[in-house]
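One structure is given below, encoded as structure tokens.
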């Protein structure tokens, strides 16, 4: 009995962590866009949705209810997700990155609304309101053993996060990463050094979008089912809160924020099922979002650096001592 | 081609235009795009609903409607109260949140407005639940206006009211000292301060006008469609599209932008299908950003 309970708890913890880390992937993409480059993307949910739907369509077995599926391997689905999300971010970026920063916010908000609408209405491609099911899951051969299955999935998601983390840390410390922060801090100075701000912005924006698409694909293959209501603006808002609380500009902060806010979300969700009668639960769930909104506002007011603030990165080829954080 | 879409478009356009005036004023005077502006529409509608219910109850129930409209004096009085309350809500939000962030970095204020929007809307959902409500369940008979077009008395008076409101705001901005000060702050806040303009007062007036107009738009949505927590958030993209289309900072531009978005939506509903309505504003927005980012009546982008 006790053994069953503890293995159930361990399985749940593995499931929880894998979900949290899948959010951390999206959060790392946003950190490249906002934390490093200062690009305000309010359409995170849309780019995540594109990744999830692309990978689902590429990898599911043939179906009458949506486009494809093409039955391709999962890794091909992930690569496709990154490519299509990158193309969508590139399109928005080309249109808006030369304008005031608010226009990027408005345009990304708009494209996320539109992508969700396409997911809902273009039934022949996306399955419409019914979504797409039977998305192949990693290690599905082990699905009988829930504990093993959950831990294997956790290991896979953790590996993706680790690879992204190492890659992004290298990028951030590279000359390319320094130009991004130069563009963020002082566009004129960067321009006067011969760096084209719009080029670097577009590169960071597209790479961040590709990572968000990958996050969406990883989530889709972890859960096995996607539907339009997974990609409402609430998702964008959750990821933003994760990044701000964790510490924007810091990749470890982005991961930590993803886990911390997902933990808070899960615990408050369980609390609602315990403390509210079933007919009031949908209503009480609105309080969760209110709480997270207040948390985000408080963090912006009181601790804009988040839990882990940005660290100073200077070239290892210089002796200059780092100045105070920006 | 049925011309009914023109009436529907003008009505939606009036609602969008009233909201877009608030967006364009916040953008040009406070220098950030307020993602919480849609919530002023929803909170305004619920405030009017609460106030008119309370007034009706104080008057002993059964307040009769003023013929030929669907509403009685309680809703008119409630709208006045709600306009003030919504203006105060906007002021309060500025006081606790935006005022502190605007100085540091405008984009942080935009982000905070995004958080505030989520929090405010979910709070409405918690208080009033997500099921839609109405000011009145009475059905109105639409009257023939010729050319195959019909409109209800409610619809006609609301279009007239929108015209009066927009004209008064336009006159306020162009003909009064307050309006001159507002334009000065929008051009250059530091210079305006040096010239002796009380910038804090102008900021407060801007919030009151934006919140008040949004509340009136909310009452319109409540009378013509229904009241639900998402009613404002769903209008956010059309509001931004209208403000940018009209040219940031321009009151007539915001109304014209609103009417264009409203007419385009109504046209799309008739030709493409109602399920794609929400994409119309995005398509228009992208078109403006591609062709003329400064908007129809705008100067700088």
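Residue numbers (my numbering), protein chains in the order written: chain A, 4 to 329; chain E, 9 to 309. C-beta atoms are modelled at their ideal positions from N, C-alpha and C, and glycine is treated no differently.
query	result
Could you tell me whether the Cβ of residue 183 of chain E comes closer than 8 Å to any Cβ of chain A?	no
What are the boundary residues of the alpha helix (DSSP H) that includes residue 184 of chain A?	178-188
What residues from chain E crowd round residue 105 of chain A, counting only those whose CB sits closer than 8 Å?	35, 40, 41, 114, 115 and 118
Can you grab the Cα-Cα spacing for the pair residue 2 of chain E / residue 194 of chain E, in whole Å?	Given that chain E is displayed from residue 9 to residue 309, the structure contains no residue 2 of chain E and the question cannot be resolved.
So, is residue 74 of chain A buried or exposed, given that buried needs 16 or more other C-beta atoms within 10 angstroms?	exposed
Hey, does residue 120 of chain A have any beta-carbon neighbour from chain E nearer than 8 Å?	yes
Runs of 3 residues minimum, wholly inside the stretch 218-302 of chain A: which ones carry the beta strand (DSSP E) assignment?	none
Leaving out five residues before and five after residue 73 of chain E in sequence, what residues of the same chain have Cβ atoms less than 8 Å from its Cβ?	79, 80, 144 and 146
Return no unless some Cβ of chain A is closer than 8 Å to the Cβ of residue 137 of chain E.	yes
Using Cβ-Cβ distances below 8 Å, what residues of the stretch 36-52 of chain A are close to chain E?	41, 43 and 45
So which residues on chain A does residue 301 of chain E lean against when the C-beta distance must stay under 8 Å?	102 and 106
Which class does residue 153 of chain E belong to by DSSP, given the choice of helix, strand or coil?	strand
Counting only Cβ-Cβ distances shorter than 7 Å, please list the residues of the stretch 127-157 of chain E near chain A, keeping chain order.	127, 130, 131, 133, 134 and 137
Taking 8 Å as the cut-off, decide whether the C-beta atoms of residue 296 of chain A and residue 52 of chain E are in contact.	no
Excluding the five sequence neighbours on either side, which residues of its own chain have a C-beta within less than 8 Å of the C-beta of residue 340 of chain A, listed in chain order?	This structure leaves residue 340 of chain A out entirely; chain A is present only between 4 and 329.
List the residues that DSSP assigns as beta-bridge partners of residue 158 of chain E.	E/152
Kindly indicate if chain A contains any beta-carbon less than 8 Å away from that of residue 47 of chain E.	no
With 8 Å set as the bound, which would you pick, yes or no: does the beta-carbon of residue 309 of chain E sit closer than that to a beta-carbon of chain A?	A caution first: residue 309 of chain E carries a pLDDT of 39, below 50, which makes its placement in the model too unreliable to give a value.
How many angstroms separate the CA atom of residue 25 of chain E from the CA atom of residue 154 of chain E?	26 Å
Apart from the five residues just before and just after residue 326 of chain A, which ones in its own chain have a Cβ nearer than 6 Å to its Cβ?	Caution is warranted here: a pLDDT of 48 is assigned to residue 326 of chain A, below 50, making its placement in the model unreliable, and no coordinate value can be reported.
Where in the stretch 49-99 of chain A do unbroken runs of the alpha helix (DSSP H), each at least 4 residues long, occur, reported from the N-terminal end onward?	77-99
For the alpha helix (DSSP H) that contains residue 124 of chain A, what are its first and last residues?	104-124
Residues of chain A with CB under 8 Å from residue 273 of chain E, in chain order?	Going along chain A, no residue has its Cβ under 8 Å from residue 273 of chain E, so there is no contact; the nearest lies around 13 Å.
What is the DSSP secondary structure of residue 184 of chain E, counted as helix, strand or coil?	coil
Using DSSP with H/G/I as helix, E/B as strand and the rest coil, what is residue 294 of chain E?	helix
Under a Cβ-count criterion, where at least 16 other Cβ atoms within 10 Å of its own Cβ denotes burial, should residue 35 of chain E be classed as buried or exposed?	buried
Look at the Cβ atom of residue 141 of chain A, then the Cβ atom of residue 153 of chain A, and state whether they are nearer than 8 Å.	no
Just checking: is the beta-carbon of residue 269 of chain A within a distance shorter than 8 Å of some beta-carbon in chain E?	no
Which residues in the same chain have their Cβ closer than 8 Å to the Cβ of residue 17 of chain E, if we skip the five residues on either side of it in sequence?	267, 270, 271, 272, 273, 274 and 275
Kindly indicate if chain A contains any beta-carbon less than 8 Å away from that of residue 64 of chain E.	no
Is there a Cβ from chain C that is less than 8 Å from the Cβ of residue 287 of chain E?	The chain labelled as chain C is not found among the protein chains of the depicted structure, namely A and E.
Tell me which same chain residues have a C-beta within less than 8 Å of the C-beta of residue 299 of chain A, skipping the five on either side of it?	240, 243, 244, 247 and 248
Which residues in the same chain have their Cβ closer than 6 Å to the Cβ of residue 208 of chain A, if we skip the five residues on either side of it in sequence?	36, 42, 92 and 96
What are the boundary residues of the alpha helix (DSSP H) that includes residue 22 of chain E?	12-33
In whole angstroms, give me the CA-to-CA distance for residue 75 of chain E and residue 142 of chain E.	18 Å
What residues from the stretch 198-210 of chain A come within 9 Å of chain E, judged by C-beta to C-beta, listed N to C?	none
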